[in-house]
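S.K.:
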Amino acid sequence: MPSNVDNAYDPSAVEHRWQAKWDRDGTNAFALDELRSAERPFFNLMMFPYPSAEGLHVGNIYAFTGADVYGRFKRLQGYDVFEPIGFDAFGIHSENFALKTGVHPSRLIPGNMANFRRQLRRIGGMFDWTHTVDTTDPDYYRWTQWIFVQFLKNGLAEKKEAPVNWCPSCMTVLANEQVIVGECERCGTAVEQRFIHQWFLRITDYADRLLANLKRIDWSDTTLKAQYNWIGRSVGAQLHFPVAGADDLSVEVFTTRPDTVFGATYVVLAPEHPLVDAVTSDSCREAVEAYRARTQAMDLVARKKIEKDKTGVFTGGYCVNPATGERVPVWIADYVLMGYGTGAIMAVPGHDERDFDFAHAHGLPIIRVIAAPGEDASTPLSIAYEYPTGTLVNSGRYDGVPVDEAKRAIVDELATEGLAESRVTYRLHDWCISRQRYWGPPIPVINCDHCGAVPVPEEDLPVELPHVEDFRPDQSGISPLARVREWYEVPCPSCGRDAARETDVSDVFLDSAWYFLRYPSTDFDDRPFDAGITRRWLPVDMYIGGNEHAVLHLLYSRFVVMALHDMGWLDFEEPYDRFRAHGLIIREGAKMSKSKGNVIIPDPIIERYGADTFRLYLMFLGPFVEGGDYQDQGISGPHGFLHRLWESVVPESGELATGDPDPAVDRKLHRTIHRVTDQIANLRYNTAIAAMMEYLNAVRAGGRTPVRAEVEPLVGMVAPFAPHIAEELWHRLGHAGSVFDGANWPECDLAKCVEQHARIAVQVNGRVRGTVSVPVGAGRDEVVAQARAEPNVARHLEGTEVRRIVHIPDRLLNLVVAQAVAAGK
RNA sequence: GCCGGGGUGGUGAAAUCGGUAUACACAGGGGACUUAAAAUCCCCCGGGAGCAUUCCCAUGCGGGUUCGAGUCCCGCCCCCGGCACCA
């Protein structure tokens, strides 16, 4: 016999009861045989978090809730939804925090993870806690290392000396992606250049495929665009500019505009370019050296700040323009970057804004070689003409040839003389994975004087990260592991002689490039991913995460999967069929930040309103892919909705009535099911919730008491957003199991969605003058007759002649009339 | 500079195969119930005029197409992201 207390909605009690039950019953967990045999597998993935000491922030909760809503929705529709979560706990983030607080990361991380687990349970995520990953667990990073070894064996990993971004504050090398306009992404310190031997993964080998596949994956447009731009394919040619007076030397330039080569009046090398020494004349050497020193000392930030001034110095050397045969001076300038193309350009000041500015600043000749319609060879150039249209002028036998044709013809002709070839260049660089840090998986390589870089044999993996109490990096650029002699001194696996382990660790993005492959296979400790299970569950069906990883994580994981596919380990080459980037949450119109002190602390809100209300409110704020504005008072809306839902299903006085639903309410119900189903599928959660609110309002309108058939389907629809209350109400409706077991998503009966009558807006000359109610599907004449009978419509038709009738069935009638000239005047 | 996304009530936001602009919710006002409070329920709530039927104006600004434009086209302004000397 239920007491009054039992009949009041107590979110905290309900939520704890069901969370405990889910754990006890394994509601969300897959046993190995279930993973092997699931009939309608659906892999619902969300980006695993870095377990910070602060705990889950509202941004995490927003993202996870949005992903969880989708997963629960698919499950209610009868899919076997696998929804794992894990921890991305290696990396600079953890390490810097540990350095700041003085607590070793190996002691810090477990507590953080425990706290995250508690919070993730508390918000009611449908997580399979029997299949989680922790990237710092040797049982996980053993396979991260294994992947590196596969890359090495397949020629996709190589060590090379390269200019790298060095952060003097974090004392480490950064990937290009971690440098934000010349500053360290983490600490904002200006980045310097250093030359170090690094391990690179050859992602540029896959640039074309990574680009081509973008056409056939279902991802957010913004994310696709970001990847497209990041890969940055440009088609052009490599032209050879022989060095005057040195037959064997030639400056290679890359250009997308070979048609402008007749206008190339000088050549510019990046200051770091290897040919600078060779072309520099003795008289210019001092100035060149000074400029190079200045460039090197100048960090990238300073280099960008003076973007207007084009500085540079003449080397004293000359090249031969391959098209004109004339000598052109060779300069060095910092506006030419060593990291792109060949690190050298042919400067065409007439048709490139940067070259134009530089030529002006240094008195170099500017020649027009392209004429737009209405221009000719002598039309003055007040600015560079950069458009890729027009015809050639001042270009010898190519005069009058259109740009497109000239591009091909000139390259073809120069190619026959060995002075050019077509070429495609990418903005994308190979992926440097070496980190001179401590908190990461050691790169599994042993360096031997006789055998070179030897991969650690797979049976010896993992190469465990030794415990080092003082892991502070130092200025030497050598990893802290290089101070642990007893760890790195090992015999060469190949020849047995004394050798040394690689002392760099790998980039955190390698950890996260394959974690989704591991989730369903965590039951196996003898393989990274089981073939059969992987075939069943991957690729990921739906991936939801932040667009801040649009190019980093998402591109690297695509690359890793593509490479593993080519090696025969996987039978698919794209990891995520669908990806959706969620929006960001702001608060009261302002960005949240610790310094402003306006960060939302989730725990007290959950304490007060419950996780269901919090989830519902977050999803109600705005379209999930666009984010929303969290206004503190707004939460009472969704909170009241759940209360009313509870009271409608668990009436304070007596039992929930049975019997047939009211026909009008039933129509509304089926229309609501239709809308909600469609809107959740498209991640338009805010309007789905609004539709449910609207329906509940209709159910309770005028204080009416609903019957069971009117509210039971609503319990199913609200379940993705508010799973705990849904379980409780489902249970109280007399069902034995979880609402999430057994495809309980309500069915929409389309026949019931149809209304009997339509309200039609009646316009006269496009302005609404009244509405009429007609049977659905009523013909034009019938509608017109009714409309004319409407007093206000009739008034506006008075003294006029209807010239035209526009009838949109069941929606609108527009009577177009001639202006009434008779009346008045 | 380039590439995205967006400007709609007091506020968060609905409505984009062109067809009754402002759904849903917050805030605000009024009322019912109640000893009271909470909860619940009902009514009002873009601006202006009017007792009212009703009329005019309004989706960042200016034009255009159309019977009809928040939605399409042209030209601007502003805000938020991302990229940025990429040859």
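Everything in the first sequence is counted per the numbering used here, starting at 10 for the first residue and increasing by one. We put the CB at the ideal spot given by N, CA and C, even for glycine.
(1) Rounding to the nearest angstrom, what Cα-Cα distance links E468 and V454 in this structure?
(2) Count the other C-beta atoms from every protein chain shown that fall within 10 angstroms of the C-beta of Q765, then say buried if there are 16 or more, exposed otherwise.
(3) At which residue ranges does the segment 71-110 contain complete beta strand (DSSP E) runs of 3 or more residues, listed in the order of the chain?
(4) Quick check on A829: does DSSP put it in helix, strand or coil?
(5) Using alpha carbons as the reference points, say which of N403, E597, D612 lies closest to V605.
(6) Under 6 Å Cβ to Cβ from D1, same chain only, skipping five residues before and after it: list those, please.
(7) Rounded to a whole number of angstroms, what is the C-alpha to C-alpha distance between I315 and D364?
(8) Closest to N238 by CA distance: which of L437, L821, D638 is it?
(9) Using only alpha-carbon positions, find the residue among N69, A770, K234 that is nearest to V815.
(10) Taking 8 Å as the threshold, find out whether the segment 97-117 comes into contact with the segment 441-449 through three or more Cβ pairs.
(11) Does the separation of the CB atoms of R151 and P611 fall below 9 Å?
(12) Can you tell me where the beta strand (DSSP E) with E498 in it begins and where it stops?
(13) Can you tell me whether E281 is buried or exposed, with buried defined as 16 or more other CB within 10 angstroms of its CB?
(14) In its own chain, which residues sit with a C-beta less than 8 Å from the C-beta of E430, not counting the 5 before and 5 after it?
(15) Count the other CB atoms, across all protein chains shown, that sit within 10 Å of the CB of K834; report buried if there are 16 or more and exposed otherwise.
(16) CB-CB under 8 Å to V276, same chain, minus the five flanking residues each way: which ones, in chain order?
(17) Taking 6 Å as the limit between beta carbons, can you name the residues of its chain near R49, skipping five residues before and five after?
(18) If you compare alpha carbons, which of D687, N556, N330, V200 is closest to L233?
(19) When you compare only the Cα positions, how much space is there between K168 and E635?
(20) Go through its chain and collect everything with a Cβ distance to N823's Cβ below 7 Å, but skip five positions before and after it.
(21) Please confirm whether any heavy atom of the ligand ZN lies closer than 8 Å to the CB of R481.
(22) Given a cut-off of 9 Å on the beta-carbon distance, is the pair A590 and G554 in contact?
(23) Please say whether Y704 and T681 have beta carbons closer to each other than 9 Å?
(24) Please confirm whether P537 and F52 have their CB atoms less than 9 Å apart.
(25) Considering only DSSP beta bridges, list what W523 is partnered with.
(26) Which of the three DSSP states is assigned to R548 in this structure?
(27) May I have the straight-line CA-CA distance separating S243 from V826, to the nearest angstrom?
(28) Would you check if there are 3 or more beta carbon pairs closer than 8 Å linking the segment 640-658 to the segment 622-630?
(29) Can you give me the start and stop residues for the alpha helix (DSSP H) that T696 sits inside?
(30) Tell me the rounded alpha-carbon separation between I101 and S61.
(31) Rounding to the nearest angstrom, what Cα-Cα distance links S229 and V793 in this structure?
(32) Can you find the residues in the same chain that come closer than 8 Å, C-beta to C-beta, to A599, ignoring five residues on each side of it along the sequence?
(33) Just to confirm the assignment: which complete beta strand (DSSP E) runs, minimum length 3, are found wholly within the segment 102-178?
(34) Residues in its own chain within less than 6 Å of D77 by CB, not counting five upstream and five downstream?
(35) Mind pulling the alpha helix (DSSP H) runs of 4 or more residues that sit fully within the segment 525-587?
(36) Which whole-angstrom value is the C-beta distance of E721 and L742, which I expect to be below 8 Å?
M.R.: Reading off the structure:
(1) Stepping through the first sequence from its first residue, residue 468 is reached at position 459. Stepping through the first sequence from its first residue, residue 454 is reached at position 445. Spanning the two alpha carbons is a distance of roughly 13 Å.
(2) By 1-based counting over the first sequence, the position of residue 765 is 756. Exposed, because fewer than 16 other Cβ atoms sit within 10 Å of the Cβ of Q765.
(3) 89-91
(4) By 1-based counting over the first sequence, the position of residue 829 is 820. Caution is warranted here: a pLDDT of 47 is assigned to A829, below 50, making its placement in the model unreliable, and the coordinate value is therefore given only provisionally. Residue state, collapsed to three classes: coil.
(5) To locate residue 605, count along the first sequence from 1; it is residue 596. Contrary to the premise, residue 605 reads as Lys rather than Val in this sequence. The option with the nearest alpha carbon to K605 is E597.
(6) Beyond the ends of the chain as shown, which are 10 and 834, falls residue 1; an answer cannot be given.
(7) Here residue 315 corresponds to residue number 306 of the first sequence, with the count starting at 1. Here residue 364 corresponds to residue number 355 of the first sequence, with the count starting at 1. Reliability of the predicted coordinates at I315 is poor, the pLDDT of 47 falling under 50, and the value obtained from them is presented with this limitation in mind. The straight-line gap from Cα to Cα measures roughly 16 Å.
(8) Within the first sequence, numbered from 1, the residue matching residue 238 stands at position 229. Ranking L437, L821, D638 by Cα distance to N238 puts L437 first.
(9) Within the first sequence, numbered from 1, the residue matching residue 815 stands at position 806. If we check each option's Cα against that of V815, A770 comes out closest.
(10) yes
(11) Mapped onto the first sequence, residue 151 falls at position 142. Mapped onto the first sequence, residue 611 falls at position 602. Contact: no.
(12) Counting from one through the first sequence, the residue named residue 498 turns up at place 489. Unbroken beta strand (DSSP E) run through E498: 498-500.
(13) As a working mapping, residue 281 is identified with position 272 in the first sequence. E281 comes out buried.
(14) Translated into positions along the first sequence, residue 430 becomes position 421. If we look at E430 and ignore the five residues flanking it on each side, its Cβ neighbours are A246, Q247, V420, A424.
(15) For the purposes of this step, residue 834 is taken as the residue at position 825 of the first sequence. Bear in mind that the predicted position of K834 carries a pLDDT of just 28, short of 50, making it unreliable; the figure below should be weighed with that in mind. By the neighbour-count rule (16 or more Cβ atoms within 10 Å), K834 is not buried but exposed.
(16) One-based indexing of the first sequence puts residue 276 at position 267. The answer, listed in chain order, is F250, V260, V262, C328, V337, P338, V339, W340, A353, I354, M355, A356.
(17) Numbered from its first residue, the first sequence carries residue 49 at position 40. Y88, D89, listed in sequence order.
(18) Within the first sequence, the letter at position 224 stands for residue 233. Of the listed residues, the one whose Cα sits closest to L233 is N556.
(19) For the purposes of this step, residue 168 is taken as residue 159 along the first sequence, with counting starting at 1. For the purposes of this step, residue 635 is taken as residue 626 along the first sequence, with counting starting at 1. The straight-line gap from Cα to Cα measures roughly 42 Å.
(20) On the first sequence, position 814 is the one that residue 823 refers to. For N823, where only same-chain residues beyond five positions count, the Cβ hits under 7 Å are Q772, G775, V815.
(21) Here there are no bound small molecules, and the ligand ZN is not part of this structure.
(22) Sequence index remark: in the first sequence, residue 590 carries index 581 (1-based). Sequence index remark: in the first sequence, residue 554 carries index 545 (1-based). Yes, these two residues count as a Cβ contact at 9 Å.
(23) Residue mapping note: residue 681 aligns to position 672 of the first sequence, counting from 1. Residue mapping note: residue 704 aligns to position 695 of the first sequence, counting from 1. Yes. Within cutoff.
(24) Indexing the first sequence from 1 puts residue 537 at position 528. Indexing the first sequence from 1 puts residue 52 at position 43. In this structure, F52 does not lie closer than 9 Å to P537 by Cβ.
(25) Numbered from 1 along the first sequence, position 514 holds the residue referred to as residue 523. Answer by DSSP bridge pairing: none, since W523 is not bridged.
(26) What you label residue 548 is simply residue 539 of the first sequence in a count that begins at 1. Reading off the sequence shown, one finds Pro at residue 548, where the question assumed Arg. Coil.
(27) In the first sequence, counting from the first residue as 1, residue 243 sits at position 234. In the first sequence, counting from the first residue as 1, residue 826 sits at position 817. Approximately 59 Å between the Cα atoms of the pair.
(28) yes
(29) Taking the first residue of the first sequence as position 1, residue 696 is located at position 687. That run of the alpha helix (DSSP H) goes 694-708.
(30) As a first step, residue 101 must be located in the first sequence, where it is residue number 92. As a first step, residue 61 must be located in the first sequence, where it is residue number 52. Roughly 12 Å separates the two Cα atoms.
(31) Here residue 229 refers to the residue found at position 220 when the first sequence is read from its first residue. Here residue 793 refers to the residue found at position 784 when the first sequence is read from its first residue. Going by the C-alpha atoms only, they are around 46 Å apart.
(32) Your numbering for residue 599 matches position 590 in the first sequence. These residues qualify, in order along the chain: K605, N607.
(33) 166-176
(34) On the first sequence, position 68 is the one that residue 77 refers to. G134, M135.
(35) 540-546, 562-575
(36) Taking the first sequence and counting its residues from 1, the one referred to as residue 721 is at position 712. Taking the first sequence and counting its residues from 1, the one referred to as residue 742 is at position 733. So it is a contact: roughly 6 Å between Cβ atoms.
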